[in-house]
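Novice:
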Amino acid sequence: MEKVLVAMDGYEASLGAIKKAVEIAGKYGAEVVAVQVEEDVPLLSMEKETESVNRIREQQMPFFSAPLDLATAYGQKHGVGVRQVKAKGIITAVILKIAQDLGVDMIIIGDSGRQGLQKLHFGSVSESVVRSSAIPVLVVKKGSLDLSDLAPLMTEIAGRTVPGSPSQPEAAPGIFETDAFRKRMRFSFGLLGLYSLIYFLAALFTSAPFKELAQVEILGLPFGVWLGLSVFAGGLGITRVYLVKEGS
Amino acid sequence: MENPIAFTVVVLSMFLAFFVSWYSRRWTRTTAEFYVAGGKIPWRINAMAMLGDYCSAASFLGVAGAIALGGIDSWWLAVGFFAAWIVVLLVLAGPLKNAGKFTVGDLLSARFDGKTIRILAMLATVILCTLYLVPQMVGAGHLFQLLLGWDYLTTVLVTGSLMGAYVVLGGMRGTTYNQAIQGVMLMGAMLLVLVLVTALHFGGNPINILTAAREAVPPSVAVGAASQVLQAFPPEAGPASASGAIAAVKQLMPEAPSAITPGVGLKDVWNQMSLVLGLFFGVVGLPHILIRFYTVRDATAAKKSAEATIIGLAVFYIAVMFVGLGGMLVLYPTLLEMLAAGKTGAATNLTVPMLGSLMGGQVLLGVIVAGALAAMLSTSAGLLISATTSLAHDLYAGVVKPSSTDRERLIFAKTCAGMLAVIAMILAVYLKNQNVAILVGMAFGIAASTFAPALIAAVWWKKLTREGLIAGLSVGLVVSLLYTFAKFAGMASVLGLPVLINPALYSLPAATVAMILASYLTKDRGKVVEFMAAAHRQ
Numbered sequence: 000m001e002k003v004l005v006a007m008d009g010y011e012a013s014l015g016a017i018k019k020a021v022e023i024a025g026k027y028g029a030e031v032v033a034v035q036v037e038e039d040v041p042l043l044s045m046e047k048e049t050e051s052v053n054r055i056r057e058q059q060m061p062f063f064s065a066p067l068d069l070a071t072a073y074g075q076k077h078g079v080g081v082r083q084v085k086a087k088g089i090i091t092a093v094i095l096k097i098a099q100d101l102g103v104d105m106i107i108i109g110d111s112g113r114q115g116l117q118k119l120h121f122g123s124v125s126e127s128v129v130r131s132s133a134i135p136v137l138v139v140k141k142g143s144l145d146l147s148d149l150a151p152l153m154t155e156i157a158g159r160t161v162p163g164s165p166s167q168p169e170a171a172p173g174i175f176e177t178d179a180f181r182k183r184m185r186f187s188f189g190l191l192g193l194y195s196l197i198y199f200l201a202a203l204f205t206s207a208p209f210k211e212l213a214q215v216e217i218l219g220l221p222f223g224v225w226l227g228l229s230v231f232a233g234g235l236g237i238t239r240v241y242l243v244k245e246g247s
Numbered sequence: 000m001e002n003p004i005a006f007t008v009v010v011l012s013m014f015l016a017f018f019v020s021w022y023s024r025r026w027t028r029t030t031a032e033f034y035v036a037g038g039k040i041p042w043r044i045n046a047m048a049m050l051g052d053y054c055s056a057a058s059f060l061g062v063a064g065a066i067a068l069g070g071i072d073s074w075w076l077a078v079g080f081f082a083a084w085i086v087v088l089l090v091l092a093g094p095l096k097n098a099g100k101f102t103v104g105d106l107l108s109a110r111f112d113g114k115t116i117r118i119l120a121m122l123a124t125v126i127l128c129t130l131y132l133v134p135q136m137v138g139a140g141h142l143f144q145l146l147l148g149w150d151y152l153t154t155v156l157v158t159g160s161l162m163g164a165y166v167v168l169g170g171m172r173g174t175t176y177n178q179a180i181q182g183v184m185l186m187g188a189m190l191l192v193l194v195l196v197t198a199l200h201f202g203g204n205p206i207n208i209l210t211a212a213r214e215a216v217p218p219s220v221a222v223g224a225a226s227q228v229l230q231a232f233p234p235e236a237g238p239a240s241a242s243g244a245i246a247a248v249k250q251l252m253p254e255a256p257s258a259i260t261p262g263v264g265l266k267d268v269w270n271q272m273s274l275v276l277g278l279f280f281g282v283v284g285l286p287h288i289l290i291r292f293y294t295v296r297d298a299t300a301a302k303k304s305a306e307a308t309i310i311g312l313a314v315f316y317i318a319v320m321f322v323g324l325g326g327m328l329v330l331y332p333t334l335l336e337m338l339a340a341g342k343t344g345a346a347t348n349l350t351v352p353m354l355g356s357l358m359g360g361q362v363l364l365g366v367i368v369a370g371a372l373a374a375m376l377s378t379s380a381g382l383l384i385s386a387t388t389s390l391a392h393d394l395y396a397g398v399v400k401p402s403s404t405d406r407e408r409l410i411f412a413k414t415c416a417g418m419l420a421v422i423a424m425i426l427a428v429y430l431k432n433q434n435v436a437i438l439v440g441m442a443f444g445i446a447a448s449t450f451a452p453a454l455i456a457a458v459w460w461k462k463l464t465r466e467g468l469i470a471g472l473s474v475g476l477v478v479s480l481l482y483t484f485a486k487f488a489g490m491a492s493v494l495g496l497p498v499l500i501n502p503a504l505y506s507l508p509a510a511t512v513a514m515i516l517a518s519y520l521t522k523d524r525g526k527v528v529e530f531m532a533a534a535h536r537q
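Sequence lines, in order, name chains A and B. Here numbering that gives the first Met the number 0 is used: position 177 in the first sequence is 176, and no number is missing along the way. Here numbering that gives the first Met the number 0 is used: position 29 in the second sequence is 28, and no number is missing along the way.
(1) Please determine whether the Cβ atom of K462/B lies at a distance below 8 Å from any heavy atom of the ligand ATP.
(2) Could you give the first and the last residue of the continuous alpha helix (DSSP H) run that contains Q135/B?
(3) Would you report the Cα separation of L523/B and L463/B, rounded to the nearest angstrom?
(4) According to DSSP, what are the bridge partners of L419/B?
(5) Report yes if the C-beta distance between L50/B and L312/B is below 9 Å; otherwise report no.
(6) Between the C-alpha atoms of I208/B and L383/B, what's the straight-line distance to the nearest angstrom?
(7) Using a 10 Å radius around the Cβ and a threshold of 16 neighbouring Cβ atoms, would you call N434/B buried or exposed?
(8) Using the beta-carbon count (16 or more within 10 Å), is E169/A buried or exposed?
(9) Just checking my contact of M252/B with A224/B at CB under 8 Å: how many whole Å lie between their CB atoms?
(10) Taking all protein chains shown into account, decide if T511/B is buried (16 or more other Cβ within 10 angstroms of its Cβ) or exposed.
(11) Confirm, please, whether the CB-CB distance from T350/B to L60/B is below 9 Å.
(12) Using a Cβ-Cβ distance under 9 Å, would L472/B count as near chain A?
(13) Are the beta-carbon atoms of T205/A and P261/B separated by less than 9 Å?
(14) Is the Cβ of T205/A closer than 9 Å to any Cβ of chain B?
(15) Who are the neighbours of D555/B on chain A, taking C-beta pairs under 8 Å?
(16) At 4 residues or longer, what runs of the alpha helix (DSSP H) sit wholly inside the region 134-160 of chain A?
(17) Counting C-beta neighbours from all protein chains within 10 Å, is the total for R181/A 16 or more, i.e. buried, or is it exposed?
(18) Mapping DSSP to helix, strand and coil, what is Y10/A?
(19) Taking DSSP as the reference, what is the three-state secondary structure of L285/B?
(20) On a CA-only basis, which of A339/B, A346/B, T308/B is nearest G326/B? Give me that one, please.
(21) Of all the alpha helix (DSSP H) runs that stay within the bounds of the region 368-442 of chain B, which reach a length of 4 or more residues?
(22) Mind listing the chain B neighbours of M7/A? Cutoff is C-beta to C-beta under 9 Å, in chain order.
(23) On a CA-only basis, which of A533/B, T7/B, C415/B is nearest S389/B? Give me that one, please.
(24) Helix, strand or coil, according to DSSP, for K2/A in the structure here?
(25) Three-state secondary structure (DSSP) at P497/B?
(26) Consider the Cβ of K302/B: report whether some Cβ of chain A lies at a distance smaller than 9 Å.
(27) Just to confirm before moving on: does the CB-CB distance between V277/B and F443/B stay below 9 Å?
(28) Does DSSP put E214/B in a helix, in a strand, or in coil?
(29) Please classify A519/B: is it buried, with 16 or more other beta-carbons within 10 angstroms of its beta-carbon, or exposed?
(30) Just confirm the distance between the C-beta atoms of A70/A and I17/A, as a whole number of angstroms; I'd bet it's less than 8 Å.
(31) Compare the C-alpha of V230/A against each of L195/B, M186/B, F201/B, F80/B and name the closest.
(32) If A374/B sits next to S58/B, beta carbons under 8 Å apart, how far is it from one beta carbon to the other, in whole angstroms?
(33) Should the region 151-161 of chain B be regarded as contacting the region 132-142 of chain B, the criterion being three or more beta carbon pairs within less than 8 Å?
(34) Under 7 Å, CB to CB, which of the residues in the region 515-537 of chain B have a partner in chain A?
(35) Considering only the beta carbon of each residue, do V31/A and G80/A sit closer than 9 Å?
(36) Do you know offhand how far D72/B's Cα is from A65/A's?
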C-alpha cells in the first residue's frame, strides 16, 4: 500500500478519519493524501448559512477551519508524509476522481451519523463514496475514536492564523491593462449602443405620434410588428457577435 | 371546490417541486456519475434554470393578458423583458463574474467600503424585492380565485402566507435542478397553449391568428359597446359566439383600432419611452437574476447556456404574442363581460388559464396553473432570500448587532422574510386590479433608476466617487418611488411633471446626472485599481 486518501471537511467525523489514516499509513509506510473539497453548488449565501447552522447544531462541533494543516501537523508528529489537495466541485465525484487520478490504494472517510430528515435532505457523502468507489473504503463513524490528542495541534494551528482574517482569501487581482480595458469597453458599449438604437427606435416608431408609420403594412403585417420582431432578431444577432468575440 | 381535477394536478406538481428541491440538494453532494460531465452543471439545464428564474407571473400571465385586452402594443412588455437580458449580457455579466460578486451590496462595497453604501444598497434591495413580490401575489390571488372559487382576499392571504412560509421554513431552495424543472414547466405550458389554440381555432397556422386579429377591436377599446354586443353573443355560447361578437363590435365601431394596430396602447410618446426605458435597464438592477448567469464554470458552457437562454426567451415571448392575441379572439365575449363587470384584475391576468380551461378542460387548466405557480414561487423565493440576506448581513450583522451569531442572524432574516411577505400581501390586496406585467415593469423601473446606473458605473467608470455613488442611488430611489406611488395613488402630476406608466423616464436621468455631477465634485474613487483589475481581468 502506497497512498491512503482521507477526505476532510473540518467537522468532527473527518477529524477521526485523519487519525485513522495516519495510523494506517504509518504501519504500511504509505503517504496520506488529505483532500478538502469546497462544494460547488449554486446557492445564495443565506441558503448556505441555513445549512451550516443546521450542521453545527446537529454535530455539536468541534469544527476546524484548517483541516489540511491539521492533517499535515498530525502526520509530522507520527512521521507520516501528508500531501494536501484542495479541490472544488460535487463532493463525492471530486473525491473519487482524485482517488482515481492519484492511484490511491484506500479511501478513508468520516461519517457524520446524520439521521432522519437531515440525512434525507443532505444525503450521506460517505455512503455514496462507499457505493460508487472501485477502491476499498474505510468509514470512520463520528465518536468512534478519541480525538483528545488532536486538541493541542488544533490550538497551535489556530494560533498561527491571524484572527479576523477572511477565511477565504480574495482572488488575486489580475493585471489591469488599460488598453485592453478600453478595447473591451468600446466593444461592449458599442454593441449596447447599436442595440439601444434598434430598441429605442422601434419603441419610438410604435408610439402614438408615429402610429401612421407603424401601421403601414409590409408583407401582411404592420411595420410596428416587424419593428418588435427586429428587437428579437437584433438581440439574438448581437448575442452571437458578443459571445464569439468575447472568447477570442 | 370548483375544479377538483385541476386542483389535483396543481398539488401534484407542487409535490414534485418540493421533492426535487429536497432531493437535488442531496444529489449535488452525493452523485458520483457527475464527473463524466466534468463536474459541471450541463449548460442546457442551466439555461432552463435561468428561464425559470427570470420568467415570473408577469411573463406567464401578465403579458398575454395585457395583449388579450389591449392588443399588440402590450407586446412591448415582452419585447422589453427580452431586450433587458441582452443589456445584462453586454455590460454586466462578465465583470460581475470576474469580480466574483453577485449581490449589489457585495459588489459596491468591493470598491467602496464603509457603511453608508451598504445600507443604501440594502434599502434599495429590500424595497425592490418587496415591490417585485406584489405582482407575484396579485397573480396568485387571481389564479386561485379562478381555480378554487375563493374570494381574492382569502386567496392572497393563503398563497402569500405559503410563499412566505417556504422561505421561513427553509424549504423551496433555489437549486438549479428545481429551477430547471420550473423553466421546463413554464415553457412547456406556454407552447402547449400556443399549439392547441392554433390547431383548434386557427386551422393550424399561427399566421391566421394575426389575420383574424386585424378585424378585432381590442376588448379594452370595445368595452363601451359591451352591453349591446353581449346580449346577442353571450359568453356562455363559447368560442362559437366570439367571431360574431368581434364582427358586431367592428360594425358598431368601424373606426376603432384593431388588435394589431400599433401606437394606440399608450396615449403619448412619453409613457411609451418611460416604460421601455425602465424595462431595458431593469434587469441590470435585479442581481438575484445575475447569480445564475455564470453558474456553469467553464467558458464554453457559460456561453452556450447564455445563448440558449436568450434563444429560449425569444421563443417564449414571441409565443406569448400569439397566445395573447389568440386568447383575445377565442375569449372575446368573456373578456368583454369581465371588463364591463369591473373585473379588470381577473380579465387582465387570467387569459392564459381561461384559454387552457376552455380548450383542455380541468387537466390543461391544472397544467397551466402549475406552470404559473412555478413561475411565481421560484421568483418569490429568490426575491425573499435576496432581500433577507441583505437585511441579515448588511443591517443586522453590519450595524444593529455586529457580535451576533449565525443563528441570531438567521432568526432575524426569517422574521424579516415573514414581515416582507405581509407587507407585500397588503399591497397586493390594494393593487388587485393592476396587470401583473405593468407592476413588474414598475419594479424594473425602480431597479433601472437605482442599481443600473450604480452597477454599470462601478464596473466601468474609473472616475466614479463614493459621494457620486451615494448621490446616484439616493436620487434614483427617491424619484422613482415618488412617481411609482403617485401612480398607485392615481395622481395626474407630481412636481409639475405628468405621472407616467413607469417612473424611469424621470428617475433614471435624474440618478445618472446626480451621480456624474457629484463624482466630478469629489475625489474618493475607492479601491479603483484593485477593483477594476479584478472585474476586467482576462
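Every residue, glycine too, gets a C-beta built ideally from N, C-alpha and C.
Specialist: Straight from the coordinates:
(1) Absence of the ligand ATP is noted for the structure shown, with no ligands found whatsoever.
(2) Q135/B -> alpha helix (DSSP H) spans 114-147.
(3) A small correction: the amino acid at residue 523/B is Asp; Leu does not occupy that position in the sequence shown. So the two alpha carbons sit approximately 8 Å from each other.
(4) Looking at the DSSP output, L419/B shares a beta bridge with no other residue.
(5) The answer is yes: Cβ separation under 9 Å.
(6) If you take the alpha carbons of I208/B and L383/B, they lie about 39 Å apart.
(7) Buried is the call here.
(8) Note that E169/A scores a pLDDT of 46, beneath 50, so its modelled location is shaky and nothing firm can be said.
(9) About 6 Å separates the CB atoms of M252/B and A224/B; that is less than 8 Å, so the two are in contact.
(10) T511/B is buried by the Cβ-count criterion.
(11) Judged by beta-carbon spacing, T350/B lies within the 9 Å limit of L60/B, meaning their Cβ atoms are closer than that value.
(12) Judged by the 9 Å Cβ criterion, L472/B is not in contact with chain A.
(13) Going by C-beta atoms, T205/A is nearer than 9 Å to P261/B.
(14) It does: the Cβ of T205/A has a partner Cβ on chain B nearer than 9 Å.
(15) As displayed, chain B neither begins before 0 nor continues past 537, which places residue 555/B out of reach and without an answer.
(16) With a minimum length of 4 residues, the continuous alpha helix (DSSP H) runs that stay inside the region 134-160 of chain A are 150-159.
(17) Residue burial is scored here from C-beta neighbours: R181/A has fewer than 16 other C-beta atoms within 10 angstroms and is therefore classed as exposed.
(18) In the structure shown, Y10/A sits in coil (DSSP, three-state: anything other than H, G, I, E or B).
(19) Here L285/B sits in coil by DSSP.
(20) Checked all of A339/B, A346/B, T308/B; the closest Cα to G326/B is A346/B.
(21) Listed in chain order, they are 405-429.
(22) What M7/A touches in chain B: nothing, since even the nearest Cβ is about 15 Å away.
(23) Comparing Cα positions, the closest option is C415/B.
(24) It is a strand residue.
(25) Strand, per DSSP.
(26) Yes, K302/B lies at the interface with chain A (some Cβ there is under 9 Å from its Cβ).
(27) It should be noted that the sequence gives Gly, not Val, for residue 277/B. Going by C-beta atoms, G277/B is nearer than 9 Å to F443/B.
(28) Coil, per DSSP.
(29) Ala is not the amino acid found at residue 519/B; the sequence shown has Tyr there. Counting other Cβ atoms within 10 Å of its Cβ, Y519/B stays below 16 and is therefore classed as exposed.
(30) Yes, they are in contact, since the Cβ atoms of A70/A and I17/A sit about 5 Å apart, within 8 Å.
(31) Of the candidates L195/B, M186/B, F201/B, F80/B, F80/B places its Cα closest to the Cα of V230/A.
(32) With 8 Å as the limit, A374/B and S58/B qualify as a contact, their Cβ atoms being about 7 Å apart.
(33) Result yes; three or more Cβ-Cβ pairs closer than 8 Å.
(34) Hits within the stretch, in order: V528, E529, M531, A532, A533, H535, R536, Q537.
(35) For the 9 Å CB-CB criterion, V31/A and G80/A form a contact.
(36) When rounded, the distance between both Cα atoms is 60 Å.
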